[in-house]
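These notes are about the structure you will find just below.
In our numbering, the protein residues as written are 13 to 231.
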């Protein structure tokens, strides 16, 4: 089932705007990435298929996962994410540079609300709806072992809420948590530069989220 899902995601062309954008980015890389052959396709999830923690981001970054082909790999958001996963025992190394760098996750899986890099990091509602079946399929496959879902940002939070159509979700807020069907939803700001450089999200508040997730996964 996982292989079929991955193949479906990678071959997806449901959103013409995103197809055009993700491919055009790869054809015009900035000087620092001239030597790269961009992935320029939808990005599948990554991690432990028996995960207890599921991290749900917003979308691949144009020169991050859209370049490397792995979620949160090759950009500053990934730097924050994988360092936190490493420091709380979910990853074997703190850095994520490319798909063959030896990174492994234990007890954690990472995906996103949208699988293609969107212009200005803003997927349209129709594009999120087109991607939602992939999120739903991942949920069904992860559900037997899943204990914590960690949506990063308001949009990811709303998409996670759609996985539980009969549940009432409280308003989004960093650090807020609630339980649905024996799964804890633990919300966080996204570690985007817009949040980290402005101080809206500071490292101690960020790592505390992962400490909480670790505790919840071991209970």
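Each residue gets a CB set at the ideal place from its N, CA and C atoms; glycine is no exception. All values derive from a computational prediction rather than experimental measurement.
Between the region 71–91 and the region 182–197, are three or more C-beta pairs nearer than 8 Å? no
Alpha carbon to alpha carbon, how far is residue 35 from residue 47? 16 Å
Hey, out of 220, 22, 55 and 203, whose CA is closest to residue 213's CA? 203
Near residue 165, what residues of its chain come up, given a Cβ to Cβ distance below 7 Å and the 5 sequence neighbours on each side ignored? 70, 201 and 202
In the DSSP assignment, find the beta strand (DSSP E) that holds residue 123 and state where it starts and stops. 120–124
Close-in-space but distant-in-sequence residues of the same chain around residue 110 (CB under 6 Å, 5 per side omitted): 80
Nearest-angstrom Cβ-Cβ length linking residue 122 and residue 161, presumed shorter than 8 Å: With a Cβ gap of about 12 Å, residue 122 and residue 161 do not count as contacting.
The region 125–144 contacting the region 96–116, beta-carbon criterion three pairs below 8 Å: no
Could you pull out every residue in the same chain whose Cβ sits closer than 8 Å to the Cβ of residue 150, ignoring the five residues on either side in sequence? 17, 57, 66, 121 and 123
With respect to the alpha helix (DSSP H) encompassing residue 80, which residues constitute its N-terminal and C-terminal limits? 77–80
Three-state secondary structure assigned by DSSP to residue 190: strand
Residues near residue 50 in its chain [Cβ-Cβ closer than 6 Å; skip 5 each side]: 38 and 79
Where the beta strand (DSSP E) containing residue 66 begins and where it ends: 65–69
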